[in-house]
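Protein chains: 2
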Amino acid sequence: MSEHSGTRPFGIETVIETTRASLPGYTGVVPLHTPDYSANPAAWSYVKQCIDTGWVSSAGAFVDRFEQMLAEYTGSPHAVAVVNGTAALHVALELAGVRDGDEVLMPALTFVATANAARYCRAIPHFVDIDERTLGVDAERLGDYLKQIAEQSGDGPVNRQTGRRLAALVPMHTFGQPCDMEALAVVCERFRLTMVEDAAESLGTFYKKQHTGTFGKLGILSFNGNKTITCGGGGAILTADPDLAQTAKHVTTTAKCGKAAWEYYHDVTAYNHRLPNLNAALGCAEMERLDQVIQAKRAIAERYIQAFADIEGVTIYREQPFARSNYWLNILMLDPEHAGRRDDLINAMNEAKLLVRPVWNPMHTLPMHADCPRMELPITESLAQRIINLPSSPHLL
Amino acid sequence: MSEHSGTRPFGIETVIETTRASLPGYTGVVPLHTPDYSANPAAWSYVKQCIDTGWVSSAGAFVDRFEQMLAEYTGSPHAVAVVNGTAALHVALELAGVRDGDEVLMPALTFVATANAARYCRAIPHFVDIDERTLGVDAERLGDYLKQIAEQSGDGPVNRQTGRRLAALVPMHTFGQPCDMEALAVVCERFRLTMVEDAAESLGTFYKKQHTGTFGKLGILSFNGNKTITCGGGGAILTADPDLAQTAKHVTTTAKCGKAAWEYYHDVTAYNHRLPNLNAALGCAEMERLDQVIQAKRAIAERYIQAFADIEGVTIYREQPFARSNYWLNILMLDPEHAGRRDDLINAMNEAKLLVRPVWNPMHTLPMHADCPRMELPITESLAQRIINLPSSPHLL
């Protein structure tokens, strides 16, 4: 390696050194993404308020406040807080009309909750490929695919190969990077597909100034412990439709609706997906500093982008021109010729106390979803071998 | 009313005065059951520890510790903490083998989650009557009923009227009062019924020195905000079977099982029912003072029993000889001739800031469960009109 060459060759040690150099001051274990409340005194103050007053459970002012803050930040007219992102997605799919034996189109490259949520509705995941530029559903290839397999019925689009209704498309914003939403909206419009957005990873991510999760009929957010902000657990359902919002609240809170407040009457089979006030309190505190968090995360991304710029054979993913990303988890992408080194690299980095991880095993490679319908998935299969997530906690700045 | 009569006639004002007299020192609003951490500094300390360290989410030492404390207290070899009691019951039924189109026997007088959990498994609730002495499933009448409707198949008992498998019996310990477990065990044995115990309300309740929730193949607990102890939300699955315990943990934590810790591989369609560490911390603090809590609740029950002893037409429920009850919610039972006054009494008590409530509307009276099979339910129908729960928070002592 010459200091004059302008480039450095790919190598495990080089990647480790460059990652470390991007995170000055962190000599020990660097987790992938963890909460840190040391800069946020409101976290303890709000949580303490819950304990002091005894309002820790499923009713309480922080739940309402958290919903208001989410609605305001995302620009979604309504936000319904629930116990986690998986529960949010399950209910959103149900409210979008997903039923037994339907198919739900979704990227093959996603966290397993996306596919599981369809299964909870007794629907069948139908996997589509992603675009290497966005890491999300490839609108153009989806359109071509639907031209082949979809036909319209009185009940919406149907997969003519299986005879099953195509009940929804669930775009997922991978590691916080937004899909090309305008292009996907065109496809949904053209094929009369209902869109439900899995924005579990993209709180703080905008597509052309519109927040992710607000393009579909419904969208969902997650506040799991590894996310941009966390309530411990936590999730939310977003929708512009007041009736859907009301139903979402109703069916996630056991559908209790007696004439008197004290009456235990329930009118539909519903869920106990309530977010405890204790967790909502933490969410409120986190929302107050979300702008700072996103700023820090974007700065870390920029550091990685700069630091890795001269290493051959790897790229740090950079947001698309239409995107303002939260850079939830930074993405180190290996060129195809280095794909075979991925696991060695991950192991070496973990041994070097950089707790990196690969992207998920694609859904069609998991035993319970292996028989699901799918289009050709060349980009998914290629990227699944080549993505490593780098430590991205905002406090690493 | 004569002071020499030894009895006082039934009257709304008398009930209100007697309730107030049982709770000296509480002049304002008296909620039904609320947490109060003022006597439990560990609540603040453990929760603060989560926030200080950032360990608020689905991994963390308090989750393990909470599970250990629950196992130790209940005598259950295994306890798996989950996000709430409803989630626990859903998974327990699945693990007990409840499948599409099965029937699940359960009391008609229960909180709606019992019936909903069967529905999540696509099974059909089948309602049975309760015993006025225990407020739980009447073992003798259940036995007689099963003699009529059940026949044995290679796949277990079948309802010969519907042809559906009778997959489980779910006894529920109403307001913390235990069912007659030995009698129910005999019925289950005789008819080869699997028992899954809904002990959502009965942490701290023992039947002949054995903790409720430990008699069935699986049992569940709830730590919702209104319960004897709370984590904000929270629930647990109890079982003596190590394989079931391992599966319960696996399927409530997304079934993640890659070869390396960093691998995102999952082997079955599973759930995200993880209890956040933040909530488990509160649970640990509450478990430490559970003995005191139960003592206080039993003392409050004794006060009500004494105070109402001389009022005609009402009874405070007292535990059965085989029981050591947590007296989760105290029960004021109106004699049948006063049933028509129940709602007036509840309204008047709520206006007098005593936030009492009636028992649940029985499951067969709710629209979504109205068509379910059921036996004759005379006791359920009678008691549903006559039960009022009195304020029972331990800090009312």
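Quick mapping for you: the protein sequence lines, in order, are chains A and B. Quick note, the first sequence lines up with residues 2 to 398 if you use the working numbering. Quick note, the second sequence lines up with residues 2 to 398 if you use the working numbering. Beta carbons are placed, not taken as given, at the ideal position from N, Cα and C, and that holds for glycine.
Amino acids of chain A, ordered along the chain, whose beta-carbon sits closer than 8 Å to that of residue i
i, result
"B/Val84", "Val84, Asn85, Gly234"
"B/Ile347", "Ala261, Trp263"
"B/Thr231", "Val57, Ser58"
Own chain, CB closer than 7 Å to residue i, minus 5 neighbours either side, in chain order
i, result
"B/His370", "Ala116, Pro126, Met364"
"A/Leu279", "Val48, Cys51, Val57"
"A/Arg66", "Cys285"
"B/Ala308", "Thr19, Ala22, Ser23"
"B/Ala300", "Leu398"
"A/Ala349", "Ile13, Ile17"
"A/Glu95", "Cys122"
"A/Pro395", "Val294, Ala297, Lys298"
Pick from the options that is closest to residue i, judged by C-alpha positions
i, options, result
"B/Pro374", "B/Leu106, B/Met70, B/Ala140, B/Tyr38", "B/Leu106"
"B/Gly86", "B/Asp130, B/Leu276, B/Leu291", "B/Leu276"
"A/Leu204", "A/Gly217, A/Gln178, A/Ile13, A/Lys218", "A/Gln178"
"B/Thr248", "B/Ala43, B/Glu352, B/Gly12, B/Ala97", "B/Ala97"
"B/Met173", "B/Arg161, B/Gln149, B/Arg166, B/Thr215", "B/Thr215"
"A/Pro82", "A/Asp268, A/His251, A/Asp292, A/Ser393", "As written in the sequence, residue 82 of chain A is Ala, which differs from the Pro given in the question. Closest by alpha carbon: A/His251."
"B/Ala353", "B/Phe11, B/Gly7, B/Tyr27", "B/Tyr27"
"B/Val113", "B/Val360, B/Asn390, B/Thr15, B/Leu384", "B/Val360"
"B/Val129", "B/Ile317, B/Glu320, B/Leu170, B/Ile312", "B/Leu170"
"B/Phe323", "B/Asp372, B/Glu183, B/Leu71, B/Glu198", "B/Glu183"
"B/Leu291", "B/Arg166, B/Ala186, B/Val31, B/Thr75", "B/Thr75"
"A/Ala262", "B/Arg9, B/Ile13, B/Leu33", "B/Leu33"
"A/Tyr121", "A/Arg134, A/Leu136, A/Ala109, A/Gly102", "A/Gly102"
"B/Pro392", "B/Glu382, B/Asp372, B/Leu355", "B/Leu355"
"A/Ala200", "A/Leu239, A/Leu167, A/Asp311", "A/Leu239"
"B/Ala119", "B/Arg134, B/Ala93, B/His212", "B/Ala93"
"A/Pro36", "A/Asp344, A/Asn225, A/Thr270, A/Val84", "A/Asn225"
"B/Lys228", "B/Gly29, B/Leu333, B/Val30, B/Tyr328", "B/Tyr328"
"B/Asp372", "B/Thr163, B/Lys257, B/Ser46", "B/Thr163"
"B/Ile221", "B/Ser59, B/His91, B/Ala60, B/Asn362", "B/His91"
"B/Arg134", "B/Asp345, B/Asp344, B/Met334", "B/Met334"
Chain-ordered chain B contacts of residue i [CB-CB under 9 Å]
i, result
"A/Trp45", "Val48, Lys49, Ile52, Asp53"
"A/Ala271", "Val113, Asn117, Met369"
"A/Glu68", "Correct list: empty, because the minimum Cβ distance to chain B is about 17 Å."
"A/Asn351", "Ala261, Ala262, Trp263"
Close beta carbons around residue i, own chain, < 6 Å, minus the five adjacent residues each side
i, result
"B/Phe192", "Leu147, Ala151, Pro158"
"A/Met288", "Met70"
"B/Arg325", "Phe207"
"B/Gly144", "Val188"
"B/Leu378", "Ala109, Asp130"
Residues that residue i bridges to, as DSSP identifies them
i, result
"A/Leu170", "A/Leu106, A/Met196"
"A/Cys402", "Residue 402 of chain A cannot be examined here, being either before or after the span of chain A that is shown, 2 to 398."
"A/Ile317", "A/Leu333"
"B/Gly234", "B/Cys232"
"B/Leu136", "Looking at the DSSP assignment, B/Leu136 forms no beta bridge with any residue, so it has no partner."
"B/Ser154", "B/Gly157"
"A/His127", "A/Leu106"
Spatial neighbours of residue i in its chain, beta-carbon cut-off 8 Å, leaving aside the 5 residues before and after
i, result
"B/Ala88", "Gly236, Thr253, Tyr272, His274"
"A/Ile131", "Pro108, Ala109, Leu110, Gly137, Val138, Asp139, Thr175, Ile380, Thr381, Leu384"
"A/Arg165", "Gly102, Asp103, Glu104, Ile125, Val159"
"B/Arg142", "Val129, Asp130, Asp132, Met376"
"B/Asn41", "Ala286, Glu287, Glu289, Arg290"
"B/Gly7", "Asp311"
"A/Gln211", "Gly76, Met182"
"B/Glu4", "The pLDDT assigned to B/Glu4 is 44, lower than 50, so where the model puts this residue is not dependable, and the model offers no usable value."
"A/Ile306", "Ile317, Arg319"
Contact list for residue i against chain A, beta-carbon separation under 7 Å
i, result
"B/Trp361", "Tyr265"
Interface residues of chain B facing residue i [CB-CB closer than 8 Å]
i, result
"A/Thr206", "By Cβ distance, chain B contributes nothing, its closest Cβ being about 21 Å from A/Thr206, past 8 Å."
"A/Thr35", "Gly55"
"A/Gly137", "Here the premise fails: no neighbours, minimum Cβ distance about 18 Å."
Beta-carbon neighbours of residue i, restricted to chain A and to distances below 9 Å
i, result
"B/Tyr38", "Ile52, Asp53, Gly55, Val57"
"B/Arg387", "Residues of chain A passing the Cβ test: none, with the nearest at roughly 15 Å."
"B/Asn1", "Here chain B has residues from 2 to 398 only, and residue 1 of chain B is not among them."
"B/Thr255", "Thr87, Phe112, Val113, Ala114, Asn117"
"B/Leu283", "Ile52, Val57, Leu279"
Contact list for residue i against chain B, beta-carbon separation under 7 Å
i, result
"A/Leu94", "Those do not exist, as A/Leu94 stays about 14 Å from chain B at its closest Cβ, beyond 7 Å."
"A/Gly26", "By Cβ distance, chain B contributes nothing, its closest Cβ being about 17 Å from A/Gly26, past 7 Å."
"A/Asp372", "Under the 7 Å cutoff, chain B gives no residues; its nearest Cβ is about 12 Å from A/Asp372."
### Query
How about the stretch 375-394 of chain A and the stretch 337-345 of chain A: do they share at least three Cβ pairs that are nearer than 8 Å?
yes
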